[in-house]
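Line order of the protein sequences matches chains A, B, C and D. The numbering used here puts the first residue of the first sequence at 1, with every later residue one more than the last. The numbering used here puts the first residue of the second sequence at 1001, with every later residue one more than the last. The numbering used here puts the first residue of the third sequence at 2001, with every later residue one more than the last. The numbering used here puts the first residue of the fourth sequence at 3001, with every later residue one more than the last.
Protein chains: 4
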Amino acid sequence: MKSTAILLLHCPDTMGIITELTRFITDNRGNIVDIDQYVDHQENMFFMRIEWDLSEFSIPRDKIQDILTTLYAVRYQMTFDLYFSDEPQRMAIFVSKMSHCLYDLLARYKAGEWNVQIPCILSNHEDLRDVAEQFSIPYHVWNIDKDHGNMPQVEQEQRELLAKEKISFVVLARYMQIISQNLIDDYPNRIINIHHSFLPAFVGAKPYHQAWERGVKIIGATSHYITQDLDAGPIIEQDVVRITHRDTPQSLVLKGRDLEKIVLARAVTKHIERKILTYHNKTIIFN
Amino acid sequence: MKSTAILLLHCPDTMGIITELTRFITDNRGNIVDIDQYVDHQENMFFMRIEWDLSEFSIPRDKIQDILTTLYAVRYQMTFDLYFSDEPQRMAIFVSKMSHCLYDLLARYKAGEWNVQIPCILSNHEDLRDVAEQFSIPYHVWNIDKDHGNMPQVEQEQRELLAKEKISFVVLARYMQIISQNLIDDYPNRIINIHHSFLPAFVGAKPYHQAWERGVKIIGATSHYITQDLDAGPIIEQDVVRITHRDTPQSLVLKGRDLEKIVLARAVTKHIERKILTYHNKTIIFN
Amino acid sequence: MKSTAILLLHCPDTMGIITELTRFITDNRGNIVDIDQYVDHQENMFFMRIEWDLSEFSIPRDKIQDILTTLYAVRYQMTFDLYFSDEPQRMAIFVSKMSHCLYDLLARYKAGEWNVQIPCILSNHEDLRDVAEQFSIPYHVWNIDKDHGNMPQVEQEQRELLAKEKISFVVLARYMQIISQNLIDDYPNRIINIHHSFLPAFVGAKPYHQAWERGVKIIGATSHYITQDLDAGPIIEQDVVRITHRDTPQSLVLKGRDLEKIVLARAVTKHIERKILTYHNKTIIFN
Amino acid sequence: MKSTAILLLHCPDTMGIITELTRFITDNRGNIVDIDQYVDHQENMFFMRIEWDLSEFSIPRDKIQDILTTLYAVRYQMTFDLYFSDEPQRMAIFVSKMSHCLYDLLARYKAGEWNVQIPCILSNHEDLRDVAEQFSIPYHVWNIDKDHGNMPQVEQEQRELLAKEKISFVVLARYMQIISQNLIDDYPNRIINIHHSFLPAFVGAKPYHQAWERGVKIIGATSHYITQDLDAGPIIEQDVVRITHRDTPQSLVLKGRDLEKIVLARAVTKHIERKILTYHNKTIIFN
Chain A
1 MKSTAILLLH CPDTMGIITE LTRFITDNRG NIVDIDQYVD HQENMFFMRI
51 EWDLSEFSIP RDKIQDILTT LYAVRYQMTF DLYFSDEPQR MAIFVSKMSH
101 CLYDLLARYK AGEWNVQIPC ILSNHEDLRD VAEQFSIPYH VWNIDKDHGN
151 MPQVEQEQRE LLAKEKISFV VLARYMQIIS QNLIDDYPNR IINIHHSFLP
201 AFVGAKPYHQ AWERGVKIIG ATSHYITQDL DAGPIIEQDV VRITHRDTPQ
251 SLVLKGRDLE KIVLARAVTK HIERKILTYH NKTIIFN
Chain B
1001 MKSTAILLLH CPDTMGIITE LTRFITDNRG NIVDIDQYVD HQENMFFMRI
1051 EWDLSEFSIP RDKIQDILTT LYAVRYQMTF DLYFSDEPQR MAIFVSKMSH
1101 CLYDLLARYK AGEWNVQIPC ILSNHEDLRD VAEQFSIPYH VWNIDKDHGN
1151 MPQVEQEQRE LLAKEKISFV VLARYMQIIS QNLIDDYPNR IINIHHSFLP
1201 AFVGAKPYHQ AWERGVKIIG ATSHYITQDL DAGPIIEQDV VRITHRDTPQ
1251 SLVLKGRDLE KIVLARAVTK HIERKILTYH NKTIIFN
Chain C
2001 MKSTAILLLH CPDTMGIITE LTRFITDNRG NIVDIDQYVD HQENMFFMRI
2051 EWDLSEFSIP RDKIQDILTT LYAVRYQMTF DLYFSDEPQR MAIFVSKMSH
2101 CLYDLLARYK AGEWNVQIPC ILSNHEDLRD VAEQFSIPYH VWNIDKDHGN
2151 MPQVEQEQRE LLAKEKISFV VLARYMQIIS QNLIDDYPNR IINIHHSFLP
2201 AFVGAKPYHQ AWERGVKIIG ATSHYITQDL DAGPIIEQDV VRITHRDTPQ
2251 SLVLKGRDLE KIVLARAVTK HIERKILTYH NKTIIFN
Chain D
3001 MKSTAILLLH CPDTMGIITE LTRFITDNRG NIVDIDQYVD HQENMFFMRI
3051 EWDLSEFSIP RDKIQDILTT LYAVRYQMTF DLYFSDEPQR MAIFVSKMSH
3101 CLYDLLARYK AGEWNVQIPC ILSNHEDLRD VAEQFSIPYH VWNIDKDHGN
3151 MPQVEQEQRE LLAKEKISFV VLARYMQIIS QNLIDDYPNR IINIHHSFLP
3201 AFVGAKPYHQ AWERGVKIIG ATSHYITQDL DAGPIIEQDV VRITHRDTPQ
3251 SLVLKGRDLE KIVLARAVTK HIERKILTYH NKTIIFN
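Now the structure itself:
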């Protein structure tokens, strides 16, 4: 695995941006290994992801951010993020009682499928402690009072843990608790949720029951970034499975599990690969 | 094609119904060619479709309805419908301006794919008259006033036409006009609509624009029976197609066309084959 | 969970079989909870699965097999299998080096998704011992000589282990070794394999490389029962995922993993639920 | 619709190609409306599609080809094709007896979905003459002798017709006759076929029967360019639909029709939009 730099940017669409940026990289002996761009002609906005090999790149990595800012950011009104592939992200997982998504995430982690570290699992229930222990990952539990009276205290401690562990992004693996605004603000577009319906259908609680009640012929799952509006954040990935009148709410729950874990894993993969750019409550998913 | 009788029924679930009915048919020398049943254990309700060959059936077809009523309907609190495969249904199509569903329906009709007759096409616009003429099917147009002032008159004439043509069921092939309660009452669970979204997401107008606005990664189409609640009738069939951030509302319209025509055709096929039973705003789709 | 009896049968299609069998069950106070049948009109063969509640069934369970044989098997030339839902099957898993299917199977097992026991995991490599240990399941390894010289000995020991553990059926969870005829004969239509292609395309080794080489736009996975012909046994379940020219053999391997584990799990579920009947190298999958 | 130029190219991957080409276009006041590129790292080959607005482009369109050749083709060992969006392609359709693909193509054509002209339909049977006449398109029939004795003569006349009509590309809409090498040579990678299976499974005749015989759980359709090897040309698009043991070869034929027409139409759309580049018997499908 060669070390690469990854640049995610957007700016108003103007002639010559691709030329400028690819020339900048090429002239400094960066070999472009991947490039994908997209123009939103309605918003007249340009989006790009470039990844280049750093092995012969002549600019030291700690100077790149500065130089990009100086040369291009102001001139093109460009917003950008710069990442390095050899600096793995640190991912925290929140869970409640259901194990299917957690097992799926940890099995991928253990198989080395992802360039990521998982230093902690957070929960509001004891149920999945043994799963965490199977994989030797610290498991932190906060019991939340019925009246939510201790929520501010819990959140404060959770935020401190995430900060202490230098967490880059959070995955809610069927975590059945509303996330506070403070935590969302700590991790804007970096908290990935899995909702067990084909959003925007069946927002809120018990979507499989809602789906069964309505008599749909297909159910879905949706992974999205958490924003302050419940189940309304930018959608990263969706998938569906066919059902019939023979299905019960219980069988939908079972069928949905497989959807949930696959859809969540696809979203996490894209996030880890720095292939998602969020704009106006939508995602651009680069190749 | 042998002539068959098709019985669609539902009643409270009791022991012995299958035995009774299959024995009745078999004892009278009807050869069962298809049988499918379903028990809704929550409602404790039994649903069945049986189809049997009439060629050696010893009961004259005009007596079957009576005998079933007398022997079983009261005893089992059974609701049933009886059809004969050699009595083709008569289907009316309502259209507005878009041709893709109409062409698809008529191409299947002409290829002999369906055991159906199409004596008339009804519209609120002249646009598709030439399509109707290509297939030599009478095309009836009512211009509807901007303020809908002539709607009662239009509906009255449409209902008279449908009655005169002995229409069995109606297909709304992207007909962009609300159907009146009177017409719905004439054809309960016999008016099939195609809605260009994955219901219940994006009810109402411009669903592709709504889908684009929300940033979904999959779009769908839904065929359903028309009830008085807009887009809320029993769902017959749904399907989806994957989209990306590169899609515009216009490209969604194009991609959606293929979904719409296929999903509508599947629903029409099931309806023609008498494989749909409607109960509590849901459909049971038999094999 | 009530105890039920499950009858899987096939026989030449004759009038009255359904009537006879449902009457037999009903007359003896068995409440039918599920029934599904299928007639192959080309072969003139009748297939049925009936499941009934045993709680008030008046025939002792150890007499049912005899009575069915005496009353119906000869008369209808019927082949049948009888199972009881409260006698869980015992499943053995064979693995080699890849963990994704094994984790998926064990996570479902641990979550109580299946009515099954898993007393042992067999392998030709040490690699997945720690996964087995995470779930406290005995892990048995046989190193197979390069020249396969010790294969007969290995197979003999494996068969003895399976017999000792009273194994009902075997799951090959990406086991990269040919299964011997003796083992297949021990478990006819009870060894489930997952092949990482959309069979019959890309039989044999390295199907993802073959798929990439051919330039297909969709890849698949197939679960099937093992027969003596490699990759040619009765297909239980298949599914696919879309790919593009950007995919490499390596990315296909990654995408394929999710397919493999889901397709394998669906097949295992159907097998555990006694919903598969095999006939002429095809499967009938009951509702 | 603005007039655009479309450049499809490939060459060995070298630093700076994107920079050079986008600068060339931008410097000459071409506004790039779409760009997509792909690097095959195994072959070290670079592929690109650029589309730019010609309205202010300073180089006359009849000079562009020359200038690109002079400036870049030799230097980068580049193979390229240049197209103009306001020069619609001319498409010929070959059919035999089945109407579903033909109707689907013509309905799209009539609805103005494609920037294409269809001056002629060629057939080896009279069956679909009335469909052609419905759309007022000349229909040419050659009866082919049982022993194929008149094939060379037929082909010669067909090639002359295609030349006379200035046909850009050919669509085989379920044309049940082998295409000769001469015709293939006239239209390299410009004859689009629809094969009614998920290639490479079920090559050759009666693929639905083959699929039914094998007992697959999913069937497919494949559109591909015709090469001299039967059913082995570069695959453009594939899709699938789920089936069950209840399906017969006849019902597969019916279900397959919808797949065939949709898959064929998607391939034709991509071809018309100049989004397909063929390399080493594979297709690169640009965004």
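For each residue, glycine too, the CB sits at the ideal point set by N, CA and C.
Give me, in chain order, the residues of the same chain whose beta-carbon lies closer than 6 Å to that of residue i; leave out the 5 immediate sequence neighbours on both sides.
{"i": "residue 1141(B)", "result": "1123, 1126"}
For residue i, return the contacting residues in chain D, with the cut-off set at a CB-CB distance below 8 Å.
{"i": "residue 2038(C)", "result": "3245, 3246"}
{"i": "residue 1977(C)", "result": "This structure cannot settle anything about residue 1977(C), because the visible part of chain C is limited to 2001 through 2287."}
{"i": "residue 2200(C)", "result": "3201, 3202, 3214, 3216"}
{"i": "residue 35(A)", "result": "3018, 3037"}
Only counting the same chain, and skipping five residues up and downstream in sequence, which positions put a Cβ closer than 7 Å to that of residue i?
{"i": "residue 1209(B)", "result": "1249"}
{"i": "residue 2206(C)", "result": "none"}
{"i": "residue 3065(D)", "result": "3082"}
{"i": "residue 2252(C)", "result": "2208, 2211, 2212, 2219, 2243"}
For residue i, which residues from the same chain have a beta carbon less than 8 Å from its beta carbon, with the 5 sequence-adjacent residues on both sides left out?
{"i": "residue 3260(D)", "result": "3100, 3101, 3174, 3194, 3196, 3221"}
{"i": "residue 26(A)", "result": "32"}
{"i": "residue 2200(C)", "result": "2231, 2232"}
Please compile the residues from chain A whose C-beta is within a distance smaller than 9 Å of the C-beta of residue i.
{"i": "residue 2139(C)", "result": "Result: empty, since nearest Cβ-Cβ is about 15 Å, beyond 9 Å."}
{"i": "residue 1234(B)", "result": "215"}
Could you check which residue in the options has the C-alpha nearest to that of residue i?
{"i": "residue 117(A)", "options": "268(A), 286(A), 214(A), 198(A)", "result": "268(A)"}
{"i": "residue 53(A)", "options": "59(A), 31(A), 67(A)", "result": "31(A)"}
{"i": "residue 2280(C)", "options": "3284(D), 3199(D), 3212(D), 3034(D)", "result": "3212(D)"}
{"i": "residue 86(A)", "options": "263(A), 97(A), 55(A)", "result": "55(A)"}
{"i": "residue 2272(C)", "options": "2084(C), 2247(C), 2022(C), 2066(C)", "result": "2084(C)"}
{"i": "residue 75(A)", "options": "191(A), 252(A), 287(A), 16(A)", "result": "16(A)"}
{"i": "residue 1266(B)", "options": "3254(D), 3270(D), 3265(D)", "result": "3254(D)"}
{"i": "residue 3059(D)", "options": "3047(D), 3028(D), 3121(D)", "result": "3028(D)"}
{"i": "residue 3097(D)", "options": "3172(D), 3051(D), 3049(D), 3198(D)", "result": "3172(D)"}
{"i": "residue 1115(B)", "options": "1215(B), 1191(B), 1270(B)", "result": "1270(B)"}
Using a C-beta to C-beta distance shorter than 8 Å, which residues of chain B count as neighbours of residue i?
{"i": "residue 3262(D)", "result": "1258, 1262"}
{"i": "residue 3134(D)", "result": "1134, 1135"}
Under 7 Å between beta-carbons, which chain D residues line up against residue i? List them in chain order, please.
{"i": "residue 23(A)", "result": "3019"}
Can you pull the chain C neighbours of residue i, defined as C-beta to C-beta under 8 Å?
{"i": "residue 1031(B)", "result": "2015"}
{"i": "residue 99(A)", "result": "2107, 2110, 2111"}
{"i": "residue 1026(B)", "result": "2015, 2016, 2019"}
{"i": "residue 3238(D)", "result": "2216, 2217, 2218"}
How would you list, in chain order, the residues of chain B whose beta-carbon sits under 9 Å from the beta-carbon of residue i?
{"i": "residue 3115(D)", "result": "Within chain B, no residue comes near residue 3115(D); the closest Cβ sits about 13 Å away, beyond 9 Å."}
Who are the neighbours of residue i on chain A, taking C-beta pairs under 8 Å?
{"i": "residue 2254(C)", "result": "113"}
What does residue i touch in chain A if you count any residue whose Cβ is under 7 Å from its own?
{"i": "residue 2103(C)", "result": "103, 107"}
Are the region 110 to 123 of chain A and the region 35 to 48 of chain A touching, with three or more C-beta to C-beta distances below 8 Å? no
Give a yes or no on contact between the region 219 to 235 of chain A and the region 276 to 287 of chain A, applying the rule of three or more CB pairs nearer than 8 Å. yes
Which runs of the alpha helix (DSSP H), 4 residues or longer, sit entirely within the region 41 to 81 of chain A? 61 to 68
Ordered list of alpha helix (DSSP H) runs contained in the region 2122 to 2210 of chain C, each at least 4 residues: 2129 to 2134, 2151 to 2164, 2181 to 2186
For the pair the region 3127 to 3135 of chain D and the region 3143 to 3158 of chain D, tell me if three or more CB-CB distances fall below 8 Å. no
With a threshold of 8 Å, are at least 3 pairs of Cβ atoms found where one atom belongs to the region 2239 to 2255 of chain C and the other to the region 2213 to 2220 of chain C? yes
Between the region 1256 to 1270 of chain B and the region 2002 to 2014 of chain C, do three or more beta carbon pairs fall short of 8 Å? no
Three CB pairs or more closer than 8 Å across the region 65 to 82 of chain A and the region 7 to 15 of chain A: yes
Are the region 1082 to 1093 of chain B and the region 1155 to 1168 of chain B in contact at 8 Å, needing three or more beta carbon pairs? yes
Completely contained beta strand (DSSP E) runs for the region 1207 to 1231 of chain B, where each covers 3 or more residues: 1218 to 1225
For the region 2002 to 2029 of chain C, which segments carrying the alpha helix (DSSP H) assignment without a break, of at least 4 residues, lie completely within its bounds, in sequence order? 2017 to 2027
Restricting to runs no shorter than 3 residues, where is the beta strand (DSSP E) found entirely within the region 91 to 126 of chain A? 116 to 123
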